[in-house]
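Student: Quick mapping for you: the protein sequence lines, in order, are chains V and L.
The working numbering applies: residue 1 is where the first sequence begins, and numbers increase by one.
The working numbering applies: residue 238 is where the second sequence begins, and numbers increase by one.
Ideal placement from N, C-alpha and C gives every residue a C-beta, glycine not left out.
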Amino acid sequence: MRGVTGPALFELREVVAGPADAPILRGLTVDIPCRGITALAGPSGAGKSTLLRLLNRLDDPVSGVIMWDGRPIAEWDPRALRRRVAMVFQRPPLFDGTVFDNLRVACPDLVSPGAEAILARVGLSPTLLDRTATDLSGGEAQRMSIARALLTEPSVLLADEPTASLDGASRITIEQLARSIADDGVPVVWVSHDTEQLRRIADHVLVLIDGDVAAFGTLSELDRHPDPLVRDLVGTR
Amino acid sequence: MDRTDIGLLGLAASGILVGVALAISIWRRLGLERSLLWACLRALVQLLLVGSALRLIVDEDDPLVWSFVWLVVMIAFAGYTTWRRARDVPAVLPLSLLAYAASAAVTLGVLFGFHVYELEGRTIVPLAGMVVGNSLSATVLVSRRLFAAAGDHRNEIEGRLALGLSAAEAFRPDLRESLRTALVPQIESTKAVGIVFLPGAMVGLILAGVDPADAVRVQVSVMYLVLGSVATTTAVMSLGIARQLFTGAQQLRRFPGSGDGPG
Numbered sequence: 001m002r003g004v005t006g007p008a009l010f011e012l013r014e015v016v017a018g019p020a021d022a023p024i025l026r027g028l029t030v031d032i033p034c035r036g037i038t039a040l041a042g043p044s045g046a047g048k049s050t051l052l053r054l055l056n057r058l059d060d061p062v063s064g065v066i067m068w069d070g071r072p073i074a075e076w077d078p079r080a081l082r083r084r085v086a087m088v089f090q091r092p093p094l095f096d097g098t099v100f101d102n103l104r105v106a107c108p109d110l111v112s113p114g115a116e117a118i119l120a121r122v123g124l125s126p127t128l129l130d131r132t133a134t135d136l137s138g139g140e141a142q143r144m145s146i147a148r149a150l151l152t153e154p155s156v157l158l159a160d161e162p163t164a165s166l167d168g169a170s171r172i173t174i175e176q177l178a179r180s181i182a183d184d185g186v187p188v189v190w191v192s193h194d195t196e197q198l199r200r201i202a203d204h205v206l207v208l209i210d211g212d213v214a215a216f217g218t219l220s221e222l223d224r225h226p227d228p229l230v231r232d233l234v235g236t237r
Numbered sequence: 238m239d240r241t242d243i244g245l246l247g248l249a250a251s252g253i254l255v256g257v258a259l260a261i262s263i264w265r266r267l268g269l270e271r272s273l274l275w276a277c278l279r280a281l282v283q284l285l286l287v288g289s290a291l292r293l294i295v296d297e298d299d300p301l302v303w304s305f306v307w308l309v310v311m312i313a314f315a316g317y318t319t320w321r322r323a324r325d326v327p328a329v330l331p332l333s334l335l336a337y338a339a340s341a342a343v344t345l346g347v348l349f350g351f352h353v354y355e356l357e358g359r360t361i362v363p364l365a366g367m368v369v370g371n372s373l374s375a376t377v378l379v380s381r382r383l384f385a386a387a388g389d390h391r392n393e394i395e396g397r398l399a400l401g402l403s404a405a406e407a408f409r410p411d412l413r414e415s416l417r418t419a420l421v422p423q424i425e426s427t428k429a430v431g432i433v434f435l436p437g438a439m440v441g442l443i444l445a446g447v448d449p450a451d452a453v454r455v456q457v458s459v460m461y462l463v464l465g466s467v468a469t470t471t472a473v474m475s476l477g478i479a480r481q482l483f484t485g486a487q488q489l490r491r492f493p494g495s496g497d498g499p500g
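(1) Following the continuous alpha helix (DSSP H) through S49 (chain V), name the residue where it begins and the one where it ends.
(2) What is the DSSP secondary structure of P33 (chain V), reduced to helix, strand or coil?
(3) In this structure, what does DSSP give as the bridge partners for M67 (chain V)?
(4) Mind checking the region 122-154 of chain V against chain L and listing, in chain order, the residues whose C-beta falls within less than 9 Å of any C-beta there?
(5) Using a Cβ-Cβ distance under 8 Å, would M87 (chain V) count as near chain L?
(6) Below 8 Å between beta carbons: does that hold for I294 (chain L) and W303 (chain L)?
(7) Assign F216 (chain V) to one of three DSSP states: helix, strand, or coil.
(8) In chain order, what residues of the same chain lie with their CB nearer than 8 Å to the CB of T5 (chain V), ignoring the 5 residues before and after it?
(9) Using a Cβ-Cβ cut-off of 6 Å (strictly less than) and excluding sequence neighbours within five positions of R2 (chain V), which residues of its own chain qualify?
(10) Counting pairs of beta carbons, one from the region 26-37 of chain V and one from the region 213-220 of chain V, are three or more of them closer than 8 Å?
(11) Hey, how far is the Cα of W264 (chain L) from the Cα of V255 (chain L)?
(12) Per DSSP, what are the beta-bridge partners of D160 (chain V) in this structure?
(13) By alpha-carbon positions, which one of L:P363, L:A385, L:S289 and L:S333 ends up nearest to G477 (chain L)?
(14) With a threshold of 16 other CB atoms inside 10 Å of the CB of T218 (chain V), please say whether the residue is buried or exposed.
(15) Interface residues of chain L around P43 (chain V) at Cβ under 9 Å?
(16) With V205 (chain V) as the anchor, note down where its beta strand (DSSP E) starts and where it stops.
(17) Taking the alpha-carbon positions, what's the L330 (chain L) to H390 (chain L) distance?
(18) With V85 (chain V) as the anchor, note down where its beta strand (DSSP E) starts and where it stops.
(19) Less than 8 Å between the beta carbons of A375 (chain L) and A419 (chain L), yes or no?
(20) By the criterion of Cβ-Cβ separation under 7 Å, what are the contact partners of S403 (chain L) in chain V?
(21) Quick one: give me the first and last residue of the alpha helix (DSSP H) that S44 (chain V) is part of.
(22) Should Q19 (chain V) go down as buried or exposed, given a rule of 16 or more other Cβ atoms within 10 Å for buried?
(23) From which residue to which residue does the alpha helix (DSSP H) around Q176 (chain V) run?
(24) What is the DSSP secondary structure of R491 (chain L), reduced to helix, strand or coil?
(25) Who are the neighbours of N392 (chain L) on chain V, taking C-beta pairs under 8 Å?
(26) Measure the Cβ-Cβ separation of L345 (chain L) and V377 (chain L) and say whether it is below 8 Å.
(27) If we call anything under 8 Å between Cβ atoms a contact, is A178 (chain V) one with I37 (chain V)?
(28) Distance check for P436 (chain L) and D451 (chain L), CA to CA, integer angstroms please.
(29) For the region 406-423 of chain L, list every residue whose C-beta sits within 8 Å of some C-beta in chain V, in sequence order.
(30) Using DSSP's beta-bridge definition, name the partner residues of A323 (chain L).
(31) Whole angstroms are fine: how far does the CA of R148 (chain V) sit from the CA of F89 (chain V)?
(32) Using only the alpha-carbon positions, how far apart do D239 (chain V) and D59 (chain V) sit?
(33) Mapping the DSSP letters down to three states, classify E221 (chain V) as helix, strand or coil.
(34) Just by C-beta distance, which residues in the region 95-107 of chain V are closer than 8 Å to chain L?
(35) Give a yes or no on whether the minimum CB-CB distance between Q488 (chain L) and chain V is below 8 Å.
(36) Express the C-alpha separation of R491 (chain L) and P363 (chain L) in angstroms, rounding to a whole number.
So, in structure tokens, the structure goes:
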């Protein structure tokens, strides 16, 4: 996997995003570190998913600058950027055809051994390669979509509530997968609504409220945060 | 009486068949009498007007420029109709004007370039009419489908973009599906021709006293013309719309009315 050279993964400066007349992010300034799992927490509408989409450049901010690997992301070729800043979604997009066909969307030259290896990496059986993608269970589909994203050999993985529509057991499997990916040196930025999950996975938490940074730190730091709303959002007991 | 001249009396007699349709509507209480009568009257007046106008330009002594003016007016009207039926679609008016013009240039270019027909008022206007008229519904269909697909399949399209695919690659499955939907009915009707139905141009020629073998040759060329023009118009239209749907940074734009809200 390719690493990044700068000290911070993403540096955001005065970022305003969303509809120009009703922005969702209102002048966000924060550095997102390049190690472990960073969770984005906050109430609905706080701008977590909006922020994630900016990092993959599916959307552009109205104003402000986002740097990645020391360069403004607007200067990157969007295709090259997206292959290094991979993203998985709450509802994994399933393309027509088999699991193998789906994997080849990310890597057209992929051959069977490589496909089997990447499925093994995400804990899926190689027998699934010939399965029609739409026949996968929710958990399998999400793991397949993570495998597909890993095929681009990303430097970071963005995950937009990847377990929100999964049952408890699948949720834990995906969390463990994210941990192993982060341990392999590919940092993960994970949007979550679920405070229990946050406490299981997060090395750092960025708490967004009303489109701005309410708090940033490790869980133990945020457990001592003066704002009770922040403590509530990170599930302080 | 000349075979090609059915006369006013003949025209009036054919009106008996409208009477049959009216009688059925009254008998089964369909409530369609007014719209039936209106449609028949409108068709009669429109065609009489077109006939008189055509008479002015098909004369061999008239300059060809009038035929081309007619062609431009047809394209403009088709563009307007497309815009009216698919006005949510971005840039639908300029794109459809471009699509109809490109289609007319390609198909008429082939027919006149290879001297399938001689370049004269008598051929330009009817052939151009076939090009534009037959492409209209397919163009509206492909425009609306593509626009809807951008909203309905946003998750899949952005999923492909997020994997580093270009906008063209990310939208290719939807583009292919929309083009297929627009072209398949045309291909099906081309297949069924002669077996399930006899096409209008051929029927008209035979009724007008032309040898059926000649009528068939004209009909086949017209059918191929229609197929080629539908394919060209929908291809230009869909490629143009696809470009409108994405930004230069390979992002899928959001449009009010495309069925997706901000995420």
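Tutor: Taking the definition as stated:
(1) K48 to L55
(2) strand
(3) V:E11 and V:P72
(4) S145, R148, A149, L151 and T152
(5) Output row for M87 (chain V): interface = yes.
(6) yes
(7) strand
(8) Note that T5 (chain V) has pLDDT 47, beneath the 50 cutoff, so the model's placement of it is unreliable and the number below is only indicative. Counting only Cβ-Cβ distances below 8 Å, and skipping sequence neighbours, we find D69 and G70.
(9) Unreliable placement is indicated for R2 (chain V), whose pLDDT of 48 sits below 50; no coordinate value is reported for it.
(10) yes
(11) 14 Å
(12) V:V191
(13) L:S333
(14) exposed
(15) Within chain L, no residue has its CB atom less than 9 Å from the CB of P43 (chain V), the nearest being about 16 Å off.
(16) H204 to I209
(17) 24 Å
(18) V85 to V88
(19) For the pair A375 (chain L) and A419 (chain L), the CB atoms are nearer than the 8 Å cut-off.
(20) R79
(21) Per DSSP, S44 (chain V) belongs to no alpha helix (DSSP H) and is neither H nor E.
(22) According to the sequence provided, residue 19 (chain V) is Pro. The question's Gln does not apply to it. Counting of Cβ neighbours within 10 angstroms places P19 (chain V) among the exposed residues, the total staying below 16.
(23) G168 to D183
(24) coil
(25) F89, R91 and P93
(26) no
(27) yes
(28) Those two C-alpha atoms are separated by around 14 Å.
(29) P410
(30) For A323 (chain L), which the question treats as bridged, DSSP gives no partner whatsoever.
(31) 12 Å
(32) Beyond the ends of chain V as shown, which are 1 and 237, falls residue 239 (chain V); an answer cannot be given.
(33) helix
(34) F95, D96, V105 and A106
(35) yes
(36) The alpha-carbon separation between P363 (chain L) and R491 (chain L) amounts to approximately 41 Å.
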